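To keep things clear, I will list the structure first and then write my remarks on it.
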Amino acid sequence: MFITQHMTRNPVTISPEATLPEVQKILQNGKFRHLPVVDKANHLVGIVTDRDLRSASPSSVLSEERIKACHADFDQTPVSAIMSRAFFTLTPMSTLDDALILLDREKIGALPVVDEEQRVIGMFSMRDLMAAYRRLFGLGERGSAMIVVEHDGKRKPLSRIAKVLEEHNIRFTRLLRTEAEEGAAERIYLRVNTYNISAVHQALDEAGFSVVLPEIPDFGV
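Here our numbering is used: the first residue of the sequence shown is 5, the next is one more, and so on.
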């Protein structure tokens, strides 16, 4: 669950003195959107994104003469002039859940991973997060399916469900219990990896659990 297992190691970085065209070329060739800016000791000092570059680029509505002048300025501007100095980071102790919360809360697409001395050791993106969860929970694998059951009100429902699945040699990668919504029964979600879903339903039913099936709206046809 630690992000070090899924991050991009030894990511591309750039110095604060690099010009904007250099940054632009790196982002285009690397096909990523976030670039850590580091000093000579590889300490993180800023982040520059493709959005920062677009904001710094000359506007197409300017006169031709003005556009030429702006391009000249753009070509000479160091990345330190536009990079963000207020940034968020992850550490080797950060988990996938930590990354998910931070990426979602701050509405950003990637985060640098730094060690105790703030040296960049990796990058972790939303794409890395999705790939990690796919591998962790078997999403997209053949035979992978999510099953929802109602809590039967008895003690230790997760332990009993896990025991049922193991006794029937049913592979599962997720088992979680959520808070009940007002007026609704508490539900338990499990992801299994088997082609025989009916056997899973039968095993759960015999153990006293009710499988929740999707409600199909009646369109009056």
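The C-beta atom is built at its ideal place from N, Cα and C for all residues, glycine as well. Predicted, not measured: the structure shown is a model, and the values here were computed from it.
Next on the checklist: Given this structure, state the Cα-to-Cα distance separating Ser148 from Val117, to the nearest angstrom.
Outcome noted: For Ser148 and Val117, the distance between alpha carbons rounds to 32 Å.
Next on the checklist: At the 8 Å Cβ level, is Ala203 part of the contact set with chain C, yes or no?
Outcome noted: As a matter of chain content, chain C is missing from the structure shown, which is built from one protein chain.
Checklist entry - By a C-beta neighbour count over all protein chains shown, 10 Å radius and 16 as the cutoff for buried, is Leu194 buried or exposed? => result Counting Cβ neighbours within 10 Å, Leu194 comes out buried, since at least 16 surround it.
Checklist entry - When we look at the beta-carbon of His47 and count the other beta-carbons within 10 Å, is it buried (16 or more) or exposed? => result A residue is called buried when at least 16 other Cβ atoms come within 10 angstroms of its Cβ; His47 does not meet this threshold and is exposed.
Next on the checklist: Which runs of the alpha helix (DSSP H) at least 4 residues long sit entirely within the stretch 112-191? Give them in chain order.
Outcome noted: Runs found: 130-141, 161-171.
Checklist entry - From what residue to what residue does the alpha helix (DSSP H) around Gly212 run? => result Where Gly212 is concerned, there is no enclosing alpha helix (DSSP H), given that its DSSP letter is neither H nor E.
Checklist entry - Considering only the beta carbon of each residue, do Phe141 and Thr182 sit closer than 8 Å? => result Contact annotation: Phe141 and Thr182 have beta-carbon atoms that are not nearer than 8 Å.
Checklist entry - Quick one: Cα of Ala22 to Cα of Met5, how far? => result C-alpha separation (whole angstroms): 35 Å.
Item to check | Range covered by the alpha helix (DSSP H) that runs through Leu107 | outcome: Per DSSP, the unbroken alpha helix (DSSP H) holding Leu107 starts and ends at 100-110.
Checklist entry - Roughly how many angstroms separate the alpha carbons of Ala85 and Leu57, rounded to a whole number? => result Between Ala85 and Leu57, the C-alpha separation is close to 11 Å.
Checklist entry - Cβ of Tyr137 within 8 Å of Cβ of Leu94? => result Not in contact: Tyr137 and Leu94 (Cβ atoms no closer than 8 Å).
Next on the checklist: Restricting to Cα atoms, I'd like to know which of Ile7, Met87, His172, Met134 is closest to Tyr59.
Outcome noted: Correcting the residue identity first, residue 59 is Ser in this sequence and not Tyr. Out of Ile7, Met87, His172, Met134, Met87 has the C-alpha closest to the C-alpha of Ser59.
Next on the checklist: Quick check on the burial criterion: 16 or more other C-beta atoms within 10 angstroms. Buried or exposed for Met127?
Outcome noted: Counting Cβ neighbours within 10 Å, Met127 comes out buried, since at least 16 surround it.
Checklist entry - Hey, Met11 and Asp132 are a contact pair by Cβ (cut 8 Å); roughly how many whole angstroms apart? => result That pair is a contact at about 6 Å.
Next on the checklist: If contact is defined by three or more beta carbon pairs under 8 Å, each pair taking one atom from either stretch, is the stretch 164-180 in contact with the stretch 195-207?
Outcome noted: Touching, yes, given that three or more Cβ pairs across the two stretches are closer than 8 Å.
Next on the checklist: What does DSSP give as the partner residue(s) for Pro40 in the beta ladder?
Outcome noted: DSSP lists Ile51 as partners of Pro40.
Next on the checklist: Can you give me the C-alpha to C-alpha distance between Phe78 and Leu24, rounded to a whole angstrom?
Outcome noted: Their Cα atoms are separated by approximately 7 Å.
Checklist entry - Does the beta-carbon distance from Phe92 to Glu120 come in below 8 Å? => result Result no, Cβ atoms of Phe92 and Glu120 do not sit closer than 8 Å.
Next on the checklist: To the nearest angstrom, how far is the alpha carbon of Val55 from that of Met134?
Outcome noted: Here residue 55 turns out to be Arg, not Val, going by the sequence shown. If I take the Cα positions, the gap works out to 22 Å.
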